[in-house]
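For reference, each letter of the sequence shown is one residue, going 116 to 351 in the numbering used here.
Idealized CB from N, CA, C, for every residue including glycine.
Input: a single structure, listed below in structure tokens.
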Amino acid sequence: MSSQKQIIEDFKKRFGVSVVAAKDRLEIDVAYLQADEEKTTAYIETFLSKELSLYSTKVFKKCNLRKIILCKNLVSSGEKRAGLAEPKWIFSGLLGNNILINVDAPLDSYARSVIHHELYHLIDDSDDINGMYDNHWKNLNHPKFTYHDDLFANQIPKIANGFVSSYAMTAVHEDKAETFSHMIVDYKGIEKLGKTDAVLRRKIERMKVLMNKFSSEFDESFWKERAKASNHLHIY
Ligand SMILES: [Zn+2]
Numbered sequence: 116m117s118s119q120k121q122i123i124e125d126f127k128k129r130f131g132v133s134v135v136a137a138k139d140r141l142e143i144d145v146a147y148l149q150a151d152e153e154k155t156t157a158y159i160e161t162f163l164s165k166e167l168s169l170y171s172t173k174v175f176k177k178c179n180l181r182k183i184i185l186c187k188n189l190v191s192s193g194e195k196r197a198g199l200a201e202p203k204w205i206f207s208g209l210l211g212n213n214i215l216i217n218v219d220a221p222l223d224s225y226a227r228s229v230i231h232h233e234l235y236h237l238i239d240d241s242d243d244i245n246g247m248y249d250n251h252w253k254n255l256n257h258p259k260f261t262y263h264d265d266l267f268a269n270q271i272p273k274i275a276n277g278f279v280s281s282y283a284m285t286a287v288h289e290d291k292a293e294t295f296s297h298m299i300v301d302y303k304g305i306e307k308l309g310k311t312d313a314v315l316r317r318k319i320e321r322m323k324v325l326m327n328k329f330s331s332e333f334d335e336s337f338w339k340e341r342a343k344a345s346n347h348l349h350i351y
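Okay, structure coming up:
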């Protein structure tokens, strides 16, 4: 097997994105520890590369993805996280955006969805900060539904119609990222749910429109490929 240094260099050449095996970082808002070298290397070589190869490198450029930071025991705002997007907002063109990923987890369908979820946050933020306040998306919901962050409640009830996970019910930008990542990993699964769930069906259609606006590579044939490669993703 090649050395970690070589794998990181190859990754940068292939995707135009740096991958970093992070050292410990202990700050109030974000904290993590350095992951084992063996785990990090395997993650880059066999897992991350495969997921990113679903997109052209134009996608990463357009959302200013600069660095993917690999770590373990990732915590943000006091909560354990599988991944985290760190957009630099108005400075993103200059500084580049980062994604943080906890690699110390089973490499399953959920771990795949984490990569696409975090990438979507950067895509969502790349045109404006509409992702946070997307009223068009909010209006796809049942008229009585309110995202939990808007309610300042911390009790998340069971998954309602229109949502792929309880986390999607916390905020509009999380809902969009969850819908997108389910479409990437388990297109058939989400499409099946959409057959009996009109809200979710509208969200799938809206996501296709948004992604096609972001880049023309997200066309019907892209989604057909995703349907063919669907992996079952548990509803969590
Ligand atoms: Zn998120």
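Check: Please return the same chain residues whose Cβ sits closer than 8 Å to the Cβ of Met322, not counting the five positions on each side in sequence.; Outcome: Lys291, Thr294, Phe295 and Met298
Check: Excluding five sequence neighbours on each side, which residues of the same chain lie with their C-beta closer than 8 Å to the C-beta of His349?; Outcome: Ser224 and Tyr225
Check: I'd like to confirm the pairing. Which residues does DSSP put opposite Glu201 in its beta bridges?; Outcome: Asn213
Check: Do Asp194 and Leu215 have their CB atoms nearer than 9 Å?; Outcome: The identity of residue 194 in the sequence shown is Glu, whereas the question assumes Asp. No.
Check: Is the beta carbon of Ala146 less than 9 Å from the beta carbon of Ala137?; Outcome: no
Check: Give me the DSSP bridge partner(s) of Cys186.; Outcome: Asn217
Check: Would you say Asn179 and Ser241 are within 9 Å of each other, going by their C-beta atoms?; Outcome: yes
Check: When the Cα atoms are used, what is the spatial distance from Leu255 to Ser280?; Outcome: 16 Å
Check: So, do the region 152-166 and the region 200-211 have three or more beta carbon pairs nearer to each other than 8 Å?; Outcome: no
Check: With a threshold of 9 Å between beta carbons, is Arg321 in contact with chain B?; Outcome: The structure shown contains no chain B; it is built from a single protein chain.
Check: Report the start-end ranges of each alpha helix (DSSP H) in the region 269-304 that is 4 residues or longer and not cut off at the edges.; Outcome: 287-300
Check: Would you kindly work out how many angstroms separate the C-alpha atoms of Ser192 and Glu142, rounded to a whole number?; Outcome: 10 Å
Check: What residues in its chain sit with their C-beta under 8 Å from that of His251, if we drop five residues either side in the sequence?; Outcome: Arg321
Check: Can the beta-carbon of Gly198 be found closer than 9 Å to that of Val229?; Outcome: yes
Check: Ignore the nearest five residues each way along the sequence and tell me which others in Ile238's own chain have a CB closer than 6 Å to its CB.; Outcome: Cys178 and Phe329
Check: Are there 16 or more other CB atoms within 10 angstroms of the CB of Thr285, so buried, or fewer, so exposed?; Outcome: buried
Check: Evaluate Arg129 with the Cβ neighbour count: other Cβ atoms within 10 Å of its Cβ, from every protein chain shown; 16 or more gives buried, anything less gives exposed.; Outcome: exposed
Check: Return the residue from the list Asn217, Asn188 and Phe175 that minimises the CA-CA distance to Gly208.; Outcome: Phe175
Check: State the Cα-Cα distance for the pair Phe126 and Leu325, rounded to the nearest angstrom.; Outcome: 28 Å
Check: At the level of alpha carbons, what is the spacing between Ala342 and Leu189?; Outcome: 31 Å
Check: I need the boundaries of the beta strand (DSSP E) containing Ser133, first residue and last residue.; Outcome: Ser133 to Ala136
Check: Please name the residue, chosen from Leu148, Lys173 and Ala283, that lies closest to Val218 on a Cα-to-Cα basis.; Outcome: Leu148
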